[in-house]
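Each residue of the sequence shown is one higher than the last, beginning at -1 in our numbering. We put the CB at the ideal spot given by N, CA and C, even for glycine. The block underneath contains the structure these notes are about, expressed in structure tokens.
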Amino acid sequence: QESRLGEHEELSERRGMLSAALQSLSERERHIIEERRLKDTPATLQDLSAEYGIS
């Protein structure tokens, strides 16, 4: 039980740190990170380049 509580606290702290880090990014940067790293099925660079009209 105590171990699970510690894990929960660590997870909560990590989520807070991630949220703070994401808030420091521009909307575009945040969107790219979310699409590439935080999705169950991440977007490819090709997908994102098409979305943003870049090569």
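query, result
"Looking only at its chain, what residues have a beta carbon closer than 8 angstroms to the beta carbon of L105, apart from the 5 residues adjacent to it on each side?", "Because residue 105 is not part of the residues shown, which for the chain are -1 to 53, the question remains open."
"Between which two residues does the alpha helix (DSSP H) holding Q21 run?", "E0 to Q21"
"Grab the span of the alpha helix (DSSP H) containing D45 for me, first residue to last.", "L43 to Y50"
"What's the C-alpha gap between R28 and A41?", "13 angstroms"
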